[in-house]
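In the numbering used here, the protein residues as written are 3 to 212. C-beta atoms are modelled at their ideal positions from N, C-alpha and C, and glycine is treated no differently. Computed from a prediction, not measured in an experiment: that's the story for all the values here.
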Amino acid sequence: MAFHKIDSDSINSITNALDFFQIPPTNVSISSSKVFEILPSNPLTDTPYHFKIHASQNYIDLTKCYLFTEFRIRKENESGQLVNLSVADNVSPIQLIGQTFINNMRISVNGREVFNSNSLYAYKTYFSHELSYSQNAKSSHLNAAGYFYNNTSTQEGGLDTIERRRLFENSKTAQFIAKLDADIFNQPLYLINHCEVDIEIIQTIPDLFL
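The following block contains the structure:
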């Protein structure tokens with residue numbers, strides 16, 4: 003049987019559903035892998051936060067880069083001192099606090115800027131998660147980033163607000179882990195070796211994420 007090819011130079015192949023006798027290939031391109039924890043290069047009391055992935059002989063899977071954060075909410079009393087929240091305080095962070103606390107993120111590779119969110123990072127990542135992920139994802143693994151599914155048409159009365167408020171009752175500390183939402187972290191190719199990556203994160207003002 004003759005088949006018409008759009009490109010005569012393309013090789014022949016068969017669908018996997020009919021490939022009964024072909025032995026699956028073995029991946030021999032990766033000999034080992036490691037996970038590194040990278041701490042900010044400046045004190046947490048000073049912003050912006052800087053992270054640096056130093057150049058090495060290793061290729062980097064940027065899709066596996068996660069930001070681990072820890073938050074606690076406190077309030078000022080009449081004398082201006084910080085005190086813990088009480089159960090009666092109706093305070094909760096916004097959705098996806100593990101990412102939306104970021105106001106701007108800049109990424110440079112070998113000194114060349116490749117990403118700049120221009121103070122729109124929180125809006126970009128919120129809308130991309132709201133529109134791109136299924137309800138099952140919003141009700142499961144996105145909880146680790148501080149996202150809780152809203153089952154009502156209101157923001158303050160939904161179960162999502164209640165769940166986020168419970169995390170910080172009595173000024174408890176809550177931990178979150180989220181992927182960095184930038185184009186370079188959402189593509190499947192590894193970053194080649196001997197590349198130095200600089201990540202700068204600017205925190206948004208508290209009025210926006212509380």
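Starting from H131, trace the alpha helix (DSSP H) in both directions and tell me its first and last residue.
Y123 to S134
Taking 8 Å as the limit between beta carbons, can you name the residues of its chain near N172, skipping five residues before and five after?
N86, L87, S88 and V89
Can you give me the C-alpha to C-alpha distance between N153 and V111, rounded to a whole angstrom?
41 Å
Indicate whether N60 and N195 have their beta-carbon atoms separated by less than 7 Å.
yes
Decide if V116 is buried, meaning its Cβ has at least 16 other Cβ atoms within 10 Å, or exposed.
exposed
When R168, S119, V37 and Q24 are compared against Q101, the one with the closest alpha-carbon
S119
Using a Cβ-Cβ cut-off of 7 Å (strictly less than) and excluding sequence neighbours within five positions of L64, which residues of its own chain qualify?
I186, F187 and L193
According to DSSP, is F150 part of a helix, a strand, or is it coil?
coil
State the Cα-Cα distance for the pair K7 and S15, rounded to the nearest angstrom.
12 Å
Can you give the Cα-Cα distance for M107 and F211, rounded to whole angstroms?
16 Å
Opposing strand residues paired with S110 [DSSP bridges]:
E115 and D200
Looking only at C-alpha atoms, which of I96, R76 and T49 sits nearest to Y151?
I96
Report the CB separation of Q177 from T49 in whole angstroms; it is logged as a contact under 8 Å.
Incorrect: roughly 20 Å between the Cβ atoms, too far for contact.
Thinking C-alpha only, which one of D200, S10 and I207 is nearest I109?
D200
Length of the line joining the Cα atoms of K126 and N105
10 Å
Assigned secondary structure, A90 (DSSP; H/G/I helix, E/B strand, else coil):
coil
Whole-angstrom C-beta distance between I164 and F70, which should lie under 8 Å
About 25 Å; that fails the 8 Å criterion.
Secondary structure of A184, DSSP reduced to three states
coil
DSSP three-state label for I99, please.
helix
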